[in-house]
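This report concerns only the one structure given below.
Numbering (this note's numbering), first residue to last: 21 to 298.
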């Protein structure tokens, strides 16, 4: 086979593989949106349809009437607070690990990565004991304090790699101009490291926004439940309220898609630049 023949053939295989990947990722999202716009009768029809016969918004109306806005507000408050808390800790920790040389620094860095690899269920009992000890059970503040346990390690690891690529001359110039270390961090380093910061922020927000296990354990009062908890209650024994489930899932996607669409350029830069240390 000649080189000229191999090039188009390789391109065909590449395009086919890329098309399959896009299909695997996009089709579940399409089916979720489609199901949320179907009537209950059409959802349970023996003949599946790839386009709704009529655009039915009844499922969205139902979940709004059932008080989804309360759970949505709780989720937003918890996710935004936990993300802000996580990023503050991660930025300071990453700056310390990348700009200071002290005994045990390497061990701390490895420990952070080790904690990041922990399954969430492993820390379940220790965190439950801590929450009970401080009397935070059935309070949204318990989730705000727990979620950074899982968000901070990844954010610190990512930002440490990213901060290490920033020339030290930038910080030194800021110090000469009268900035302290904290001033140089927030006025010089963070603006340069914006792609990495946005990437870590989106990750921490996504983790807090979607979390169910700890929310289901720590929160019992109806008015304090989060959106994932409310969605899980759309499954009644062996009965699945698919229309409401899919409508709620579509609404849950809105903050994530908004963050990604606004910061996709920075997210891609952050993932690639933060992956390598110089």
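Built from N, CA and C at the ideal position, the CB exists for glycine as well.
message: Threshold first: 4 residues or longer. Then list the alpha helix (DSSP H) segments lying entirely within the stretch 120-205, N to C.
response: Runs of the alpha helix (DSSP H) inside the stretch 120-205: 125-136, 144-153, 160-166, 168-184, 188-196, 201-204.
query: Between which two residues does the alpha helix (DSSP H) carrying residue 257 extend?
result: That residue, residue 257, is in no alpha helix (DSSP H); it is neither H nor E in DSSP.
message: Taking its Cβ as the centre, do 16 or more other Cβ atoms sit within 10 Å of residue 183, making it buried, or is it exposed?
response: With a 10 Å radius around the Cβ and a threshold of 16 neighbouring Cβ atoms, residue 183 comes out buried.
8 Å Cβ cutoff, residue 278 in contact with chain B: Of the protein chains in the structure, only one exists, and it is not chain B.
message: Between the alpha carbons of residue 101 and residue 60, how many angstroms are there, rounded?
response: 37 Å
query: Terminal residues of the continuous alpha helix (DSSP H) containing residue 83?
result: 78-85
message: With distance defined between alpha-carbon atoms, name the residue in 248, 257, 260 nearest to residue 269.
response: Ranking 248, 257, 260 by Cα distance to residue 269 puts 248 first.
query: The alpha helix (DSSP H) spanning residue 233 covers which residue range?
result: 233-238
field: Span of the alpha helix (DSSP H), counted from its first residue to its last, around residue 223
entry: 214-230
message: Please classify residue 216 as buried or exposed, where buried requires at least 16 neighbouring CB atoms within 10 angstroms.
response: Burial of residue 216 is indicated by the presence of at least 16 other C-beta atoms within 10 angstroms of its C-beta.
- prompt: In terms of alpha-carbon separation, which member of 167, 207, 83 lies closest to residue 97?
  reply: 167
task: Identify, in the order they occur along the chain, each residue of the same chain with its Cβ nearer than 7 Å to the Cβ of residue 145, setting aside the five sequence neighbours on each side.
output: none
query: How would you call residue 172, buried or exposed, if buried means at least 16 neighbouring beta carbons within 10 angstroms?
result: buried
field: Contact belief for residue 180 with residue 227 at Cβ below 8 Å, rounded distance in angstroms
entry: Residue 180 to residue 227, Cβ: 18 Å. No contact.
task: Evaluate residue 231 with the Cβ neighbour count: other Cβ atoms within 10 Å of its Cβ, from every protein chain shown; 16 or more gives buried, anything less gives exposed.
output: Residue 231 comes out buried.
message: Taking the alpha helix (DSSP H) that residue 62 belongs to, which residues open and close that run?
response: 60-63
- prompt: Taking the C-alpha atoms as reference points, what is the distance between residue 240 and residue 257?
  reply: 19 Å
message: Between residue 279 and the ligand COA, is there a pair consisting of the residue's CB and a ligand heavy atom that are separated by less than 7 Å?
response: Ligands displayed in this structure: none; no statement on the ligand COA is therefore possible.
query: Do the CB positions of residue 94 and residue 160 come within less than 8 Å of each other?
result: yes
message: Going by C-alpha to C-alpha distance, which of 140, 253, 280 sits closest to residue 234?
response: 140
- prompt: Is residue 265 closer than 8 Å to residue 219 when the C-beta atoms are compared?
  reply: No, these two residues do not count as a Cβ contact at 8 Å.
field: Rounded C-alpha distance that separates residue 74 from residue 46
entry: 22 Å
task: Report yes if the C-beta distance between residue 115 and residue 174 is below 8 Å; otherwise report no.
output: no
- prompt: Who are the near neighbours of residue 79 in its chain, counting only those whose CB is closer than 6 Å to its CB and skipping five residues on each side?
  reply: 56, 263, 264, 267
- prompt: Pick from 260, 28, 132, 109: whose alpha carbon is nearest that of residue 165?
  reply: 109
- request: Kindly list the residues whose CB is nearer than 6 Å to the CB of residue 92, restricted to its own chain and excluding five residues on each side of it in sequence; keep chain order.
  value: 247
query: Within 10 angstroms of its Cβ, does residue 221 collect 16 or more other Cβ (buried), or is it exposed?
result: buried
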